[in-house]
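Visitor:
In the numbering used here, the protein residues as written are 209 to 410.
The structure is reproduced here in structure tokens:
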């Protein structure tokens with residue numbers, strides 16, 4: 209039942225997001241970036257796992273370039289379709305380090321993989337289709353982030369980057385679904401209830 213609800217919501221929100229023009233998406237993404245950099249925990253973070261934007265997602269490329277230029281340990285996911293696993297790899301140059309990878313998403317090429325242990329990551333920026341203010345997240349169904357987060361420190365902050373149109377009243381949740389701490393959109397920063405609970409909720 210939960211899976212069917214997830215599929216229906218995923219289809220609905222993806223269609224809405226796909227309807228945003230490239231020009232508007234880039235403008236909204238710039239506002240998301242400004243809000244992200246205003247977060248004290250982001251500014252002070254040393255190691256950050258970004259995601260490379262795919263299709264109509266928030267455009268993260270300028271954010272990644274800014275993070276690299278600012279001297280942060282800036283990482284992107286490398287996925288393994290056989291094990292359904294994921295590692296973090298530091299990127300130094302988007303133009304040289306990336307290649308088209310699994311699911312037609314850009315990721316570090318084999319020769320440019322610089323593994324960073326999950327325990328070293330201070331912030332994971334979470335992609336997703338839909339989110340709710342309770343910290344619920346609807347991903348793409350692969351479970352890669354769920355498995356990766358099991359290896360992260362309890363105090364690692366999970367921050368979603370999203371457009372306002374991706375926010376819903378309630379995301380269908382299964383028992384294993386992880387809650388996020390903060391949602392950053394073009395209009396606001398939402399501190400989810402889990403932020404007040406702290407790492408023990410994991």
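Idealized CB from N, CA, C, for every residue including glycine.
Check each candidate in 380, 382, 384, 366 and name the one with the smallest Cα separation from residue 398.
Guide: Taking the chain shown and counting its residues from 1, the one referred to as residue 398 is at position 190. Comparing Cα-Cα distances from residue 398 to each of 380, 382, 384, 366, the minimum goes to 366.
Visitor: May I ask you to verify whether the segment 305-315 touches the segment 356-370, counting CB pairs closer than 8 Å and requiring at least 3?
Guide: Flag = no, the segment 305-315 and the segment 356-370 do not touch.
Visitor: Keeping to the same chain, check which residues put their C-beta closer than 7 Å to that of residue 410; ignore five residues upstream and five downstream.
Guide: Indexing the chain shown from 1 puts residue 410 at position 202. Reliability fails at residue 410, whose pLDDT of 34 lies under 50, so the model's placement of it is uncertain and the value that follows must be treated cautiously. These residues qualify, in order along the chain: 362.
Visitor: What does the alpha-carbon distance come out to for the pair residue 220 and residue 210?
Guide: As a first step, residue 220 is located in the chain shown; it is residue number 12 there, counting from the start. As a first step, residue 210 is located in the chain shown; it is residue number 2 there, counting from the start. Approximately 15 Å between the Cα atoms of the pair.
Visitor: Rounding to the nearest angstrom, what Cα-Cα distance links residue 381 and residue 324 in this structure?
Guide: For the purposes of this step, residue 381 is taken as the residue at position 173 of the chain shown. For the purposes of this step, residue 324 is taken as the residue at position 116 of the chain shown. Roughly 30 Å separates the two Cα atoms.
Visitor: With DSSP collapsed to three states, give me the class of residue 371.
Guide: Position 163 of the chain shown holds residue 371. In the structure shown, residue 371 sits in coil (DSSP, three-state: anything other than H, G, I, E or B).
Visitor: Can a CB atom of chain B be found closer than 8 Å to the CB of residue 278?
Guide: The chain labelled as chain B is not found in the depicted structure, where only one protein chain is given.
Visitor: Can you tell me which of 388, 330, 307 puts its alpha carbon nearest to the alpha carbon of residue 347?
Guide: Locating residue 347 in the chain shown gives position 139, counting from the first residue. Among 388, 330, 307, the Cα nearest to that of residue 347 is on 388.
Visitor: Which stretch, first to last residue, makes up the beta strand (DSSP E) that contains residue 189?
Guide: Residue numbering for the chain in the displayed model covers 209 to 410; residue 189 lies beyond these limits and cannot be assessed.
Visitor: Name, in chain order, the residues that DSSP records as bridge partners for residue 306.
Guide: On the chain shown, residue 306 is found 98 positions in, with the first residue counted as 1. Residue 306 is bridged to 316.
Visitor: In three-state terms, what does DSSP make of residue 244?
Guide: As a working mapping, residue 244 is identified with position 36 in the chain shown. If DSSP states are grouped into helix, strand and coil, residue 244 belongs with the helices.
Visitor: Buried or exposed, going by whether 16 or more other CB atoms sit within 10 Å of the CB of residue 386?
Guide: Residue mapping note: residue 386 aligns to position 178 of the chain shown, counting from 1. Per the 10 Å Cβ criterion, buried.
Visitor: Using a Cβ distance threshold of 8 Å, determine whether the segment 282-300 contacts the segment 243-253, with at least three qualifying pairs required.
Guide: Too few Cβ pairs lie closer than 8 Å, so no.
Visitor: I need the DSSP call for residue 346, collapsed to helix, strand or coil.
Guide: Counted from its first residue, the chain shown places residue 346 at position 138. If DSSP states are grouped into helix, strand and coil, residue 346 belongs with the strands.
Visitor: Could you name the residues that DSSP lists as bridge partners for residue 288?
Guide: Indexing the chain shown from 1 puts residue 288 at position 80. Answer is 293, bridged to residue 288.
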